[in-house]
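Below is one structure, written out as structure tokens, with a few remarks after it.
Number of protein chains: 2
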Amino acid sequence: MPLSRLPSPPYYAVIFASVRTDEDDEGYGITATEMSHLAAEQEGYLGQDSTARDGEGMGITVSYWRDEASIHAWKKQLDHTAARNMGREKWYKSYTLRVARVERAYDFDRPEQA
Amino acid sequence: MPLSRLPSPPYYAVIFASVRTDEDDEGYGITATEMSHLAAEQEGYLGQDSTARDGEGMGITVSYWRDEASIHAWKKQLDHTAARNMGREKWYKSYTLRVARVERAYDFDRPEQA
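Chains A and B, in that order, are what the protein sequence lines are.
Numbering of the first sequence is given in my numbering, commencing with residue 50 and proceeding in unit increments.
Numbering of the second sequence is given in my numbering, commencing with residue 50 and proceeding in unit increments.
Structure below.
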């Protein structure tokens, strides 16, 4: 997935860092993909950056939003709430979620080689 | 690496999402580790969350800082500046760097199983 290109700040970031349990997938992969698509349909969604989970089960997803109101609406979205409950019951050993106001952003792109 | 446990907000996050070039390591791994250790010695450093780079060369590191002044000092630190230049010359295909003020944070930890 290429890096997100966004409008100029200010906007909001939701930083979600998580460690999976050792249990079987039990729907985790499908739900994660569905939630990613569902987030992208929400009002105020700007983009996201996400890495594949590493060997220690650690993953980071940062999603970007126009304002706090769109983050709040996404938090209350019904399917998302159900997925979050499954996350706490089954899928995650631990996680941290941080809501932050992005104030400055810089992009770097290597010039294409001839 | 366990997830960072931090004091209560507000504090600052530097969200660094990057894609490596296809070139050989050329000192990247050693320098990345050194920079991680050097950051941790800086005044105002609070912690960081980082994933191993995935199969597409994508990685996300989020470092946390007490205030904007500590981020600014880290940006100007000499060894870090040299590493950043190498990053643009050799190591990274593209990256985005965002500075954000963390306003709310939530932690979840699964209760230990008996």
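Here a beta-carbon is modelled for each residue, glycine too, at the ideal position from N, C-alpha and C.
Are three or more beta carbon pairs between the stretch 116–127 of chain A and the stretch 69–79 of chain A nearer than 8 Å? no
The stretch 84–100 of chain A: which residues have C-beta closer than 7 Å to a C-beta of chain B, in chain order? 98 and 100
Option in B/52, B/96, B/67 and B/103 with minimal Cα separation from residue 133 of chain B: B/67
First through last residue of the beta strand (DSSP E) which encompasses residue 142 of chain B: 141–158
Taking DSSP's pairing of strands, which residues face residue 98 of chain A in a bridge? A/111
According to DSSP, residue 66 of chain A sits in a beta bridge with which residue or residues? A/109 and A/145
Do you know how far the Cα of residue 140 of chain A is from the Cα of residue 156 of chain A? 33 Å
With DSSP as the reference, identify every bridge partner of residue 61 of chain B, one or two as the case may be. B/114 and B/150
At what residues does the alpha helix (DSSP H) containing residue 78 of chain A begin and finish? 77–89
Thinking just about the alpha-carbon of each residue, which of A/62, A/55, A/137 and A/125 is nearest to the one in residue 111 of chain A? A/62
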